[in-house]
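First up is the structure itself, then whatever we jot down about it.
In our numbering, the protein residues as written are 4 to 172.
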């Protein structure tokens, strides 16, 4: 649907206390347009991500707790997101390929209302810029009829700037 549009800006702090664990606190500002209507969400999240390496394969298990503040409809809630990702370097392309599966748990609704499957390629474009090109399939439960599910297919590009490396140049 060409009238569907999403943009967001996410800022945060990451810490790696040991090589196999990533801790993070983030804040997201997201605006979504469907047809003529815009809605806004402000979301704060806390996450921990253990990582296991076996040869060139990497498995990440991200566990994220989020507090979302929604503008329309006015509805604040906590949710849990779990994402399992399997990745492997693609030396011929100087990047890494990955596949991931993510599920959401809504504490207010006491349900698993959303699932997301992604396949993509991540590349370190410069010393301070990462790029992620992906295809994603979201499956979403209707909030008014729990037996009705909808899906969305997305092709996207995500850019991540490492401000420490950008400013230390």
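Each residue gets a CB set at the ideal place from its N, CA and C atoms; glycine is no exception.
- Distance from the Cα of residue 164 is smallest, within the candidate group 130, 113, 33, 54, for 130.
- Sequence-distant Cβ neighbours of residue 10 in its own chain, meaning closer than 8 Å and more than five residues away, are 33, 34.
- With respect to residue 88, residue 127 sits apart: the two C-beta atoms are not nearer than 8 Å.
- The straight-line gap separating the alpha-carbon atoms of residue 57 and residue 51 is approximately 20 Å.
- For residue 67, the CB contacts under 8 Å within the same chain, skipping 5 residues up- and downstream, are 48, 49, 50, 83, 84, 85, 86 in chain order.
- If you draw a straight line from the Cα of residue 37 to the Cα of residue 167, it is about 36 Å long.
- In the DSSP assignment, residue 10 forms a beta bridge with 34.
- By the Cβ-count criterion, residue 123 is buried, with 16 or more other Cβ atoms from all chains shown falling within 10 Å of its own Cβ.
- DSSP places residue 169 inside the alpha helix (DSSP H), whose first and last residues are 166–170.
- Cβ-Cβ distances below 6 Å link residue 144 to 116, 152 in the same chain, with the five nearest sequence neighbours on each side left out; the list follows chain order.
- Comparing alpha-carbon positions, the option among 8, 30, 7, 23 lying closest to residue 14 turns out to be 30.
- Fully contained in the region 118–167 are the following beta strand (DSSP E) runs of length 3 or more, in chain order: 132–144, 152–164.
- For the set 111, 140, 125, 134, the Cα lying nearest the Cα of residue 119 is the one of 140.
- The Cβ atoms of residue 160 and residue 136 sit closer than 8 Å to each other.
- Rounded to whole angstroms, the separation of the alpha carbons of residue 113 and residue 169 is 42 Å.
- Here the C-alpha atom of residue 27 lies approximately 26 Å from the C-alpha atom of residue 142.
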